[in-house]
Each structure stands twice: as C-alpha cells, then as structure tokens.
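Quick mapping for you: the protein sequence lines, in order, are chains W and F.
Going by this note's numbering, the first residue of the first sequence is number 33, and it counts up by one from there.
Going by this note's numbering, the first residue of the second sequence is number 62, and it counts up by one from there.
Accompanying notes for the structure given below.
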Amino acid sequence: MNPEIGHYALVLALAVAILQTVLPIWGARANDAALMRVGPSLALAFCGFVALSFAVLVSAYVRSDFSVLNVVENSHSLKPLLYRITGTWGNHEGSMLLWALVLAIFGATVALFGGNLPARLKANVLGVQGSIGVAFIAFLLLTSNPFARVIPAPAEGNDLNPVLQDIGLAIHPPLLYLGYVGFSVTFAFAVAALIDGRIDAAWARWVRPWALGAWAFLTLGIAMGSYWAYYELGWGGWWFWDPVENASLMPWLAGTALIHSAVVMEKRDALKVWTVLLAILAFSLSLLGTFLVRSGVLTSVHAFATDPTRGVFILAILVIFIGGSLTLFAARASSLRQGGIFAPISREGALVLNNLLLTAAAAAVFVGTLYPLALEATTGAKITVGPPYFNLTIGALMLPVVFAMPFGPLLAWKRGDLAGAAQRLMLAFLLGLVAAGVAAYAQGGGPALAPIGIGLAAFVFLGAVVDIAERSGIGRLPAATAFARFKGLPRAAMGAALAHAGVGVCLFGIVAETSWNHETILGAKVGDSFPVGRYELTLARVEPRTGPNYRELVGVFDIRQGGASVGSVESSKRLFTARNMPTTEAGIRTFGFSQLYVSLGDELPGGGLAIRAYWKPLVTLIWIGALIMALGGTLSLSDRRLRVGAPKPARKVAPVPKPVAAE
Amino acid sequence: MRRLRSLLAALALLVVGLTPLHAVQPDEVLADPAQEARARTLSKELRCMVCQNQSIDDSDAPLAKDLRLLVRERIRAGDDDQAVLDFLVARYGEFVLLRPTWHGANAILWTAPFLILIGGGLAIWLRARRRRAAPVAVSALTVEERRKFDELMSKSDDSITNV
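The following block contains the structure:
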C-alpha cells in the first residue's frame with residue numbers, strides 16, 4: 033500500500049478525534065441526545081483510520097519499502113519476517129503510532145460495549161478519550177511522521193537495533209501500552225465524572241474492570257521487560273532501577289492502589305475522591321513515563337535542550353492533561369458526596385493503608401527518577417540516584433505493604449477484628465517462621481535478611497491460602513460443603529487471593545536470587561571445566577555460525593552434576609553485520625525453578641574466552657509470581673458482576689434448583 | 062502445603078554447599094579475600110560514568126575496569142571504604158556515587174517519600190476525626206423535613222426507584 037494512504041488516514045483520524053472531543057461533550061452539556069449519540073460512531077471511525085494507518089506502516093516494513101525513512105532507519109531486507117513486523121514499533125514513530133492504535137481500540141471498545149452506560153457519562157468519556165487522541169495524533173503528524181519519504185530511496189536499510197530483534201521485545205511494548213493506555217479509560221471516566229460532578233457505585237463498577245485489565249497488562253509488560261533484560265543484556269540482572277523501568281513502575285504502583293480503592297468505592301461507596309484522584313494519577317504517570325522515554329530527557333538534560341521539539345510537545349501534552357485534570361479535580365472534588373463511614377481497623381482501613389504506602393512508593397520512584405534531572409536543570413550539578421536509593425526507600429515502604437497483605441482480606445468491612453484475623457493467620461505465620469528457620473539453617477552464614485525475606489514470602493503465600501480456606505470454610509465445615517462453597521466463591525475473591533499468592537511467589541524468587549546468586553567469572557579454553565553452584569560446566573567446543581543477518585560465535589558447554597551429564601547449554605556472541613553491533617545471547621538452562629546462566633565475553637589475549645556463569649536459585653519464581661498476579665487480575669476481571677455489568681431487565685431463565693441444605 | 066514443603070526441600074538442597082565466590086575479571090581479583098569482598102561491595106556503589114545506569118561492578122566498559130582497578134589500588138594502599146569513596150568523588154564528582162549523599166538539597170530526595178507517607182497519614186487521621194465528630198452535630202429534622210419524610214414514607218414502594 034502507498035505510504036501516503038497511511039499518512040492521509042492519520043490526518044483524517046485527527047479530524048475525527050477533534051470532532052469526537054467537541055461534539056459529545058457539547059451534547060452532554062446541552063442535553064442534546066443526538067449529539068451525544070455521535071460519540072460512538074466517531075470513536076469507531078477514529079479506530080478505523082488509526083488501524084488503517086498502522087496497517088500501512090506494517091506493510092511498508094514487511095515489504096521493506098526503503099522509500100520510507102522510518103523503514104530505512106530501522107529495518108533490513110534480510111531480517112526475518114517476524115522482526116520486520118515487530119520492527120514497526122521498535123522505534124520512536126512506530127511505537128507512538130502503536131500507542132495511538134491501542135488508544136483507538138480502547139475507545140472503540142467503550143463505544144461498542146458501553147451500551148448500558150448512562151448517556152451523559154458515555155458521551156463525556158468518549159469526549160475525553162477523543163482529546164487524548166487529538167494530542168497524540170497531532171504529536172505524530174507534527175513531530176514524528178512515520179511515513180516521511182526519502183529520495184532517492186537507498187537499496188538497503190540500516191537494520192533494527194540488534195538487542196531489539198528478539199521475541200521478548202516484540203511483545204513487550206504492546207503489553208506495556210495496553211497497560212499504559214488502559215489507564216486512559218479510567219482517566220476518561222474520572223474526568224467525565226468530574227465534568228458531571230456526579231459519581232456512584234455504577235461508575236466504580238465500570239472503572240474497576242478497566243483498571244484491572246490495564247493493571248494486568250502492565251504487570252505482564254513489566255515482567256516481560258524484566259525477563260528480556262535478564263536474558264538479553266547478558267549480565268543476569270532482572271531489575272536495574274533504570275529510569276525507563278521506573279517509568280513503567282510508577283503507573284503500576286498507582287494502578288495497584290487504584291484497583292484496591294475502586295473495590296472500596298464499589299462495595300462501600302467510600303473513598304470516592306481518592307479513587308478519582310488515583311485514576312488521574314495512574315494515567316498521568318503513564319503519560320510521564322511516555323515523556324521520559326520518548327523525549328530524550330533521560331540521556332541528558334542537554335540532549336533534550338538541543339533538540340527539544342518532541343520533548344516540548346510531549347511536555348505540553350503532559351501539562352495540559354495532568355494540569356487540566358488536576359485543576360478540574362480541585363474545583364469539583366468537593367462536590368462528590370462522601371459515603372460509607374468505617375472504623376480504622378476494617379477492610380476499608382486496610383485498603384487505605386495499602387493505598388497510602390503504595391502512593392508513597394510511587395512518590396519515591398518519582399522523586400528518585402526526576403530529582404537528578406531537576407537538580408541538573410536548576411543548579412547544573414550532576415548526581416546519580418542509583419539502586420541503593422531505590423532499594424532502601426522502596427524496601428522500607430513495601431515491607432509493611434507485604435506484611436499487612438494477608439490481614440486485609442480477613443478483616444470485615446466497616447469494623448474488623450484484628451485479633452481474630454491474627455488468630456486465623458497464626459498457622460501461616462508459624463509456617464513462615466519455620467520457612468525462615470529452614471532457610472537460615474540451610475544457608476549457614478549467608479545474608480541475615482534472606483531468612484526473614486523467605487519467611488515473609490511464605491507468610492504472604494500462605495496468607496492467601498488461609499483467605500480462601502476461611503471463605504470456603506475448609507476445616508470448619510464438612511468437606512463436601514466446603515468444596516461446594518469453594519466452587520461458589522466469587523471470582524473476584526479468588527482472583528485477589530491468587531494475585532496476593534503471586535506476590536508471595538515473586539518475593540520468594542527475589543529473595544532467593546539476590547541472596548544466593550552464585551557467580552563464576554573466568555577465562556576458559558576448550559576442554560576446561562569449572563564449577564557453577566552445584567553443577568560443573570565444561571567448555572566442549574567453540575564454533576562460528578551464520579544467521580540471516582548476523583554472524584555468531586557459539587560456545588557449547590556440557591553440564592555435569594556429581595559426575596553425571598545432565599545436558600548442555602549454548603551461549604553465543606552475535607555480530608549484527610548491518611550495524612556492526614555485537615550482542616550476547618545468554619545460554620540458559622532451567623532446572624526446576626532455578627536457572628544456570630552462561631554468557632560469553634571477549635576472546636582473551638592468551639587464548640580462550642572470558643566466561644560469566646551464574647547459578648540463579650529460584651529465579652524464575654520472580655516472573656512466575658508476576659504471571660500469577662496478572663492471572664489473578666484476569667480472574668477477578670471475569671467475575672460475574674463485572675461480566676454482567678449493571679443490572680438489566682430480567683430475561684427468561686431456567687428455574688433455579690432449590691439449595692439442598694440451608695447454611 | 063505439599064507445594065511449600067517441596068519448595069523448601071528444593072531450597073534446602075540448593076543452598077547446601079554453596080560458598081560465595083568473588084571474581085570480576087580473573088586478573089583483577091585481589092589476593093586477600095576480605096579486601097576483594099570490600100572492593101566488590103564498593104563497586105556496586107559506584108557508577109560507570111559512560112554507561113546508562115550501570116555500576117562499575119556490572120559494566121564491561123573499559124572505564125569501569127579502570128575504576129575497579131583504582132578501587133582495588135586504594136584498598137591495597139590501606140584506605141578505608143569512606144576514604145576510597147571520597148577519593149573517587151574528589152576526582153569525578155558526586156555523579157560517581159550511586160547512593161546520593163545527604164548534603165544540602167539531597168535531604169529532600171531522601172525524605173520526600175516518607176514526608177508524603179506521614180503527611181498522607183496525618184490527613185487521613187484528621188479527616189477521620191472530623192467525620193467521627195460530625196454525626197454529633199446532626200440536628201433533628203425540621204418540621205418541613207419531617208413533613209417531606211412522612212410524605213415519602215407513605216408512598217407505595219414501587220413509586221420510589223430503587224436507589
């Protein structure tokens with residue numbers, strides 16, 4: 033397809049988005065039903081145009097159309113088809129177009145499935161969504177046109193940055209954007225509620241699934257990015273407190289707070305103002321993340337100052353949306369009626385504590401990420417805020433969150449019984465102590481914090497089990513009754529317990545990996561053996577190979593345990609010919625939940641290869657835990673009351689069999 | 062329960078017999094293990110200044126290697142940990158420290174998250190106190206309100222929408 037079609041579709045999308053911003057909101061203010069009804073059609077048209085534009089860009093990549101500048105800069109005709117497709121969003125312009133596409137799809141989803149929304153709310157929500165569309169499409173057209181042509185067209189492209197030629201990076205940005213942009217919907221709902229000055233439990237019932245979905249995607253996206261960094265960057269780290277990571281962690285923390293406070297709002301009609309504020313914050317932090325990553329401000333304040341067009345544009349978007357929504361919030365928040373009073377020790381109280389700590393943690397990430405930039409911009413002084421700062425502050429703030437986590441679900445709404453909850457958690461607590469004891473005994477003279485962390489992880493995991501056991505009456509009721517109740521538990525409750533268990537699993541992996549990670553760095557020649565953890569590795573052979581767009585040197589290692597061979601692992605160093613850029617492809621073998629990680633260094637002057645090998649105990653639990661969290665979110669999302677939504681007129685249903693035994 | 066037991070068993074198996082090894086590049090390692098351990102710890106606190114957000118312990122860059130050797134040289138010369146850090150700050154500025162100092166404006170950096178926590182907690186507490194105090198101030202219904210209330214109550218159920 034002709035690239036100009038894509039460009040033109042973007043221009044049309046901009047026009048539609050402007051109409052979508054103006055007409056429905058105007059309709060809602062003038063109480064004009066016809067104008068309000070235009071919203072969904074415009075949202076669908078917007079989605080169609082952005083999708084067309086995106087399809088055109090993908091097609092240019094697939095066909096290696098080197099008359100398009102973006103394709104020249106980021107693709108290569110020899111690149112495998114998969115990476116030609118994913119290369120579409122492996123660059124600034126393409127990834128912003130993907131951002132806009134996700135926004136458009138979510139807008140269309142609200143338009144299609146928002147049939148049971150009050151007309152005014154729906155109109156306002158679509159209007160706010162439209163305004164975000166205007167901002168981002170204008171940004172694309174004015175500063176980052178993905179369809180710019182180059183004349184004369186070169187015969188070959190510059191290839192995609194090799195570290196991005198990876199399946200992990202192919203799915204990481206879409207997942208992350210589904211999360212970031214998912215919060216645009218909750219943001220739109222929050223602003224719509226403020227415009228109208230009205231908010232109720234039905235609002236929360238609508239917002240909660242969006243927040244949950246966005247949160248689950250963001251969780252997956254962050255986990256995916258972490259695993260990608262782990263195996264692709266070649267030194268075995270899985271979290272670096274890099275500003276780019278922090279940019280995704282901030283909305284995640286705010287989003288985690290949001291899904292919890294939305295529960296309070298839905299069930300108890302309390303924390304309204306706070307929920308609205310969190311919805312605004314989660315998306316604002318998503319926008320901020322986009323700004324940090326896309327403006328170049330991270331590499332240096334000076335780089336930003338020399339080419340500020342894009343940065344200033346995103347900064348303006350940031351100021352308009354964050355400033356605008358917060359101003360609206362300040363003006364209207366007091367008109368939102370407060371409901372539901374509760375005692376400090378109650379489910380609500382626990383969720384307030386959770387919100388407070390998570391928000392403070394998000395603030396710590398925010399301050400730590402932006403303080404060096406602010407300091408350099410104001411005084412010119414350059415300092416670094418590195419992992420020690422984040423580990424200390426986030427650690428101090430997340431420790432109470434994790435410890436309090438099992439208590440929350442066991443407390444009753446309105447007025448809870450802390451002693452009773454503690455009593456029910458006693459078994460979990462004791463088993464946590466046992467786990468800590470076993471860890472302390474097993475590690476001998478290792479880091480003192482490790483057993484505490486293991487104990488805490490076990491406590492959180494078992495706390496979630498206790499929660500489910502308590503709800504279904506396991507141990508109190510006859511097995512058959514308990515099982516029936518277990519099956520009948522609302523999926524939201526199951527999902528919450530599952531997500532909490534996931535936190536325990538993740539913590540387990542984090543503690544084990546950081547405390548008992550075992551590293552061997554040496555120079556080895558073919559035939560040399562060396563120990564890594566409880567395994568012995570032998571460099572069996574070194575051989576050169578050729579891939580489609582790279583050459584590589586592969587080291588093959590035999591793995592032996594106690595003299596018996598347990599397999600082999602290949603690790604390689606690749607040289608991508610188009611950019612003359614090397615990458616390391618770590619060799620990873622998984623044993624149970626643990627991994628053996630081998631990465632090749634340079635050839636040493638005296639012959640042989642530099643080798644870094646790690647034994648990473650239980651490391652996969654970090655990502656498995658994140659997967660379980662996301663699964664919990666999804667399960668909660670499928671809860672009946674969220675699927676069914678607001679009450680509808682009763683349909684004809686089969687007669688419900690009478691319950692056999694009263695409780 | 063079985064899941065936990067097998068996890069713990071796996072864990073117990075893993076950690077038995079592990080002794081920590083310290084090596085960056087084979088030729089960099091100091092002979093004295095205690096000194097080498099100090100060098101590793103210090104290396105994790107120092108930034109590789111030409112890299113994006115990497116400590117000199119993590120980085121392959123030549124500058125990181127130079128700094129690692131420098132750290133070890135100072136340790137061998139008898140400097141304590143603080144003296145090594147001071148030496149590097151004097152040479153390269155505070156930019157080299159991954160853990161920001163407490164000097165001057167950096168106090169904001171360190172305290173901000175906790176100030177937000179305390180401030181937020183205080184705001185919630187004050188609000189809760191105000192709201193708990195509020196019900197006392199509720200006055201009895203006025204005559205007009207009483208009349209409206211009775212009127213509403215006397216209506217049949219289905220004329221009132223379910224709120």
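Just so it is clear, CB atoms sit at the ideal spot from N, CA and C, and this is done for glycine as well.
- As DSSP reads the structure, W:Q593 sits in a beta bridge with W:A596.
- The beta carbon of W:K446 sits closer than 6 Å to those of F374 and S378, all from its chain and outside the five residues before and after it, given in chain order.
- By the criterion of a C-beta distance shorter than 7 Å, W:L67 is surrounded in its chain by L55, P56, W58 and G59, once the five residues flanking it on both sides are discounted.
- Taking 9 Å as the cut-off between beta carbons, the residues of the segment 111-137 of chain F near chain W are Q113, N114, Q115, S116, D119, S120 and D121, in sequence order.
- Between W:E584 and W:K557, the C-beta spacing is not below 8 Å.
- Contacts with chain F (Cβ-Cβ distance below 8 Å) from the segment 260-277 of chain W involve W267, G269, F272, W273, D274 and P275, listed in chain order.
- Taking a Cβ-Cβ threshold of 7 Å, the residues of chain F close to W:Y421 are R160 and P161, in chain order.
- Within 10 angstroms of the beta-carbon of W:M297 lie 16 or more other beta-carbons, which makes it buried.
- Using beta-carbon distances, F:F148 does not count as an interface residue toward chain W, since no partner is under 8 Å.
- Buried is the label assigned to W:K648, since at least 16 other Cβ atoms lie within 10 Å of its Cβ.
- Straight through space, the alpha carbons of W:A279 and W:S73 are spaced by roughly 34 Å.
- Taking the CA atoms as reference points, W:L481 sits about 54 Å from W:S96.
- Interface annotation, W:P283: not in contact with chain F, CB-CB separation never under 8 Å.
- Counting the other Cβ atoms within 10 Å of the Cβ of F:S116 gives 16 or more, which makes it buried.
- Listed as beta-bridge partners of W:L76 by DSSP are no residues whatsoever.
- Shown here for W:G657: same chain residues with a beta carbon closer than 8 Å to its own, the five before and five after excluded, namely G534, V535, G536, V537, C538, L539, F540 and G541 in chain order.
- For a Cβ distance threshold of 7 Å, residue set G154 and F156 of chain F lies close to W:K414, ordered along the chain.
- W:F439 sits close to W:A382, with the two beta carbons spaced by under 8 Å.
- Secondary-structure assignment with DSSP links W:E584 through a beta bridge to W:R577 and W:R606.
- For the segment 174-188 of chain F, the residues whose beta carbon sits under 8 Å from a beta carbon of chain W are, in order, P174, F175, I177, L178, G181, G182 and I185.
- One alpha carbon belongs to W:R342, the other to W:H124, and they sit about 11 Å apart.
- For the 8 Å CB-CB criterion, W:L310 and W:V182 do not form a contact.
- Rounded to whole angstroms, the separation of the alpha carbons of F:D121 and F:V111 is 11 Å.
- Under the DSSP assignment, W:A645 falls in the beta strand (DSSP E) whose first and last residues are L641 to K648.
- W:T552 carries a strand assignment under DSSP once its states are collapsed to helix, strand and coil.
- For W:I620, the enclosing beta strand (DSSP E) has its first and last residue at G619 to F623.
- Using beta-carbon distances, W:L172 does not count as an interface residue toward chain F, since no partner is under 8 Å.
- Inclusion of W:V588 and W:A572 in the CB contact set at 8 Å is warranted, their separation being smaller than that value.
- Annotation for W:F491: the continuous alpha helix (DSSP H) segment containing it runs L481 to S504.
- Note that the segment 132-140 of chain W touches the segment 75-82 of chain W; at least 3 beta-carbon pairs, one per stretch, sit closer than 8 Å.
- Using a 10 angstroms sphere on the CB of W:N386, the tally of other CB atoms reaches 16 or more, which defines it as buried.
- Contact annotation: the segment 227-238 of chain W touches the segment 144-157 of chain W, with at least three C-beta pairs closer than 8 Å.
- A Cβ of chain F is located within less than 8 Å of the beta carbon of W:G418.
- Nearest C-alpha to F:D93 among F:L128, F:E106, F:K105 and F:G139: F:G139.
- Remark: C-beta atoms of W:G287 and W:G245 do not approach each other more closely than 8 Å.
- Residue burial annotation: W:K519 is exposed, with fewer than 16 other C-beta atoms found within 10 angstroms of its C-beta.
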